[in-house]
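Engineer:
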Amino acid sequence: MRRGRDPISKGGKMFFGAMRKWAVLVSCVAAMLLSMKKEKASLQFKVPDGWPRPVYNLQNNPLKKETILLGRALFHDPILSEDSTISCTSCHLQYTAFSHVDHALSHGINDSIGTRNSPTLANLAWSTTFMWDGAVNHLDMQPLAPIAHPAEMASDISVVLMKLRRSQHYPQLFRDAYGDTGITGERFLKAMSQFMVSIVSAGSKYDEVQAGKATFSEQEQKGYRIFKQHCAACHTEPLFTNNTLANNGLTMDSVLRDTGRMKITGRGEDSLLFKVPTLRNVEYSYPYMHDGRFERLQEVIEHYTTGIVHGPTLSPELQKKISLSANDKVDLLAFLLTLTDREFLYDTSYSFPRFVFFGQAKD
Amino acid sequence: MMRMLMVLLAACVSLGCAAQSRPVRVTYVLGGGNEQFVLPTRIGNKRIDLVRFYVSSVELMRGGKPVWKEPGSYHLVDFTDSGTLAYKMKTPEHIHFDRIRFHLGIDSATNVSGAMGGDLDPAKGMYWAWQSGYINFKIEGTSPDVPSAKHEFTFHLGGYAAPNATLQTVDIAVREGKDIVIGLDVATFLASIEMDKVYHIMSPCAEAVTLSAKAAKCFSAL
């Protein structure tokens, strides 16, 4: 059965007719036919039922099997880091919903420690802003940040491009994706985006219930009600984020003193505003929050019920105390666990593309 | 697809019958008036290693009105790369103009539209990695006035969002109908900065806005 996480299907029907009489323009027609052939290979992005249109502009970067594969290879390849030890997957591991579970603050090159917890990656095609403080304004530009970050991959895009040009596999992968071996920043970034756009999680029990293919237990159903009442204003269905930045009442960390959005804008009213993360696969995105301060979901729920700090920028949605009984808390937790999408976590179309580097396995 | 076909057809047809274009050439030089420099260079007690900026949305004007807008107008001007210092514009024949107007920097729409190619490729070294946005104007060098150990100054001016939007409009008189030579009076620009106080700007900020406005005033046609 076709599921949300597999949003790609063949598409692109062409209309081509009346122009044939322009016999003079044979060359143009030939060019057309060539480009038609190319576009046949482009894929259509499948939006899961009931979801909004993606934010990512696919017209500017039409999906293609080969380009997604290129992006996937790059995502898993430590060639992107200065000493070729760290890949995107080092911090965004598929089995843990593309986050980094062992560490509150993500670890990068030379074991240096970053200042933030690596977030889960899913449904990025619907994201309007990236990073905990919204510092990155477009998915295409996201890879530039870790590549250049001294505590992450400590390299530079122009250096990365040089390494790719000299590598054994990439000129061919770029040719497959783009028709020639030109390796530019634009092509590199757009290929990374294609892979990231293809990372869709829409096959959780929650989704099955929405589609009428499963039912919640009584406990999950109660939890869902509580969630809609207290959490959904920010963690809005179906993406479980409303794509805003908000202050959800955490105390400022005393060591890092991270002010979130204010770091970018310098404005007091942006103090302690952080991106509302998706809660899809939240079972696996621990530790929680931008600095990974909570190990367990129970602690998160405790925070929302008894830990809210009433600072000047606290979100209006959290001004009123959330009172939950012990049973309510268990119900809410049970609902949050219905957002786990196991097929997504083990979907081999996201995993290291061994065959690209070592040839097709014979089995 | 249909639209693409039409464009192709139009292009083929126009190749045959459209007016031949007589391109106006634009050249950039470092320096104003009489003195011009090639990098790296010394000016007074300062050494300049790098000057690099974006010119975009170029328009030719006559009597205060635009007579021609350059399509897809984005140029990286890099005084350490002579290949970027002169190019022909695809202007029509017999064009009359008395001013050139352009943006110093990259407009906000382009800043939020994802990866682009050519001069806008983020690999050109004019894009901030950790906070999205183009660097509109870069100048680097050393000055004894800078109180740091190595006396280096680094001005990376950019930022597309309020309140620290740095995009500037430059509007300068040129000689009617002639090729255009645009000079950046770098000596005047550097002299306008109190380097004992301001010498390191690498992110959008109020100071970057001030310096961008100063830089824009240092352009003239030679």
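Top line first, the protein sequences correspond to chains A and B.
The numbering of the first sequence is the numbering used here, which starts it at 98 and goes up by one.
The numbering of the second sequence is the numbering used here, which starts it at -8 and goes up by one.
For every residue, glycine included, the Cβ atom is placed at its ideal position computed from N, Cα and C.
Quick caveat: nothing in here was measured; it's all calculated off a predicted structure.
Quick check on this structure: which residue in E61(B), R92(B) and Y65(B) has the alpha carbon closest to the alpha carbon of T82(B)?
Structural biologist: E61(B)
Engineer: Closer than 8 Å, CB to CB, is Y118(B) near chain A or not?
Structural biologist: yes
Engineer: In three-state DSSP terms, what is M359(A)?
Structural biologist: helix
Engineer: DSSP three-state call for A164(B): helix, strand or coil?
Structural biologist: strand
Engineer: P62(B) touches chain A at which residues, Cβ-Cβ below 8 Å?
Structural biologist: Correct list: empty, because the minimum Cβ distance to chain A is about 18 Å.
Engineer: Under 8 Å between C-beta atoms, does V103(B) make it to chain A?
Structural biologist: yes
Engineer: Using a Cβ-Cβ cut-off of less than 7 Å, list which residues of the stretch 278 to 298 of chain A approach chain B; keep chain order.
Structural biologist: T281, G282, E283, L286 and K287
Engineer: Can you list, in chain order, the residues of its chain with a C-beta nearer than 8 Å to that of K135(A)? Leave out the 5 residues immediately preceding and following it.
Structural biologist: Residue confidence for K135(A) is low, a pLDDT of 49 falling below 50, so the modelled location carries little weight; the figure read from the coordinates is stated next. Cβ within range, chain order: G276.
Engineer: Alpha carbon to alpha carbon, what distance is there between F172(A) and I244(A)?
Structural biologist: 11 Å
Engineer: Beta-carbon of L121(B) versus every beta-carbon of chain A: anything under 8 Å?
Structural biologist: With the sequence shown as reference, residue 121(B) is identified as Trp, and Leu is not the correct amino acid for it. W121(B) counts as touching chain A.
Engineer: Can you tell me the Cβ-Cβ gap for L523(A) and F371(A), rounded? I've got them flagged as a contact below 8 Å.
Structural biologist: No answer is possible for residue 523(A): the residues shown for chain A start at 98 and end at 460.
Engineer: To the nearest angstrom, how far is it from the Cα of A308(A) to the Cα of V233(A)?
Structural biologist: 34 Å
Engineer: Can you give the beta carbon distance from I254(A) to P113(B), rounded, assuming they're within the 8 Å contact cut?
Structural biologist: 6 Å
Engineer: CA-CA distance, T281(A) and G108(B)?
Structural biologist: 8 Å
Engineer: Across which residues does DSSP place F28(B) in a beta bridge pair?
Structural biologist: L21(B)
Engineer: Since I believe G132(B) is in contact with P195(B) (beta carbons under 8 Å), could you give me their beta-carbon distance rounded to a whole number of angstroms?
Structural biologist: Their Cβ separation, rounded to whole angstroms, is 22 Å, which puts P195(B) and G132(B) out of contact at 8 Å.
Engineer: Would you call R90(B) buried or exposed, if buried means 16 or more other Cβ atoms sit within 10 Å of its Cβ?
Structural biologist: buried
Engineer: How close, in whole Å, do the beta carbons of H147(B) and K169(B) come, if the pair is a contact with beta carbons under 8 Å?
Structural biologist: That pair is no contact at about 34 Å.
Engineer: V126(A) by DSSP, collapsed to three states: which one?
Structural biologist: Annotation note: pLDDT 49 at V126(A) (below 50); position unreliable, coordinate value reported separately. Helix, per DSSP.
Engineer: At the 8 Å Cβ level, is M193(B) part of the contact set with chain A, yes or no?
Structural biologist: no
Engineer: Here's the rule: buried if 16 or more other CB atoms are within 10 angstroms of the residue's CB, otherwise exposed. What is L353(A)?
Structural biologist: exposed
Engineer: Who are the neighbours of N214(A) on chain B, taking C-beta pairs under 8 Å?
Structural biologist: Those do not exist, as N214(A) stays about 17 Å from chain B at its closest Cβ, beyond 8 Å.
Engineer: What is the DSSP secondary structure of N424(A), counted as helix, strand or coil?
Structural biologist: helix
Engineer: State the DSSP-derived secondary structure class of Q307(A), mapped to helix, strand or coil.
Structural biologist: helix
Engineer: Count the other C-beta atoms from every protein chain shown that fall within 10 angstroms of the C-beta of M259(A), then say buried if there are 16 or more, exposed otherwise.
Structural biologist: Burial check for M259(A): the Cβ neighbour count within 10 Å stays below 16, so the residue is exposed.
Engineer: Please state whether the Cβ-Cβ distance between I398(A) and G231(A) is less than 8 Å.
Structural biologist: no
Engineer: With 8 Å as the threshold, decide whether the Cβ of M238(A) is near any Cβ in chain B.
Structural biologist: With 8 Å as the cut-off, M238(A) counts as an interface residue toward chain B.
Engineer: Any Cβ of chain A within less than 8 Å of the Cβ of G150(B)?
Structural biologist: no
Engineer: Using Cβ-Cβ distances below 9 Å, what residues of the stretch 243 to 258 of chain A are close to chain B?
Structural biologist: Along the stretch 243 to 258 of chain A, the positions whose C-beta sits under 9 Å from a C-beta of chain B are P243, I244, A245, H246, D253, I254, S255, V257 and L258, read in chain order.
Engineer: Who are the near neighbours of D69(B) in its chain, counting only those whose CB is closer than 7 Å to its CB and skipping five residues on each side?
Structural biologist: R43 and T75
Engineer: Between which two residues does the beta strand (DSSP E) containing M80(B) stretch?
Structural biologist: A77 to M80
Engineer: Please report the residue range of the alpha helix (DSSP H) in which G282(A) lies.
Structural biologist: It spans G282 to V294 - the alpha helix (DSSP H) in which G282(A) sits, taken as one unbroken run.
Engineer: Taking the C-alpha atoms as reference points, what is the distance between L421(A) and T402(A)?
Structural biologist: Note on geometry: alpha-carbon atoms of L421(A) and T402(A) lie some 7 Å from one another.
Engineer: With a threshold of 8 Å, are at least 3 pairs of Cβ atoms found where one atom belongs to the stretch 377 to 391 of chain A and the other to the stretch 309 to 317 of chain A?
Structural biologist: no
Engineer: What are the start and end residues of the beta strand (DSSP E) that includes H147(B)?
Structural biologist: For H147(B), the enclosing beta strand (DSSP E) starts and ends at E143 to G149.
Engineer: Within 10 angstroms of the Cβ of Y192(A), are there 16 or more other Cβ atoms? Answer buried if so, exposed if not.
Structural biologist: exposed
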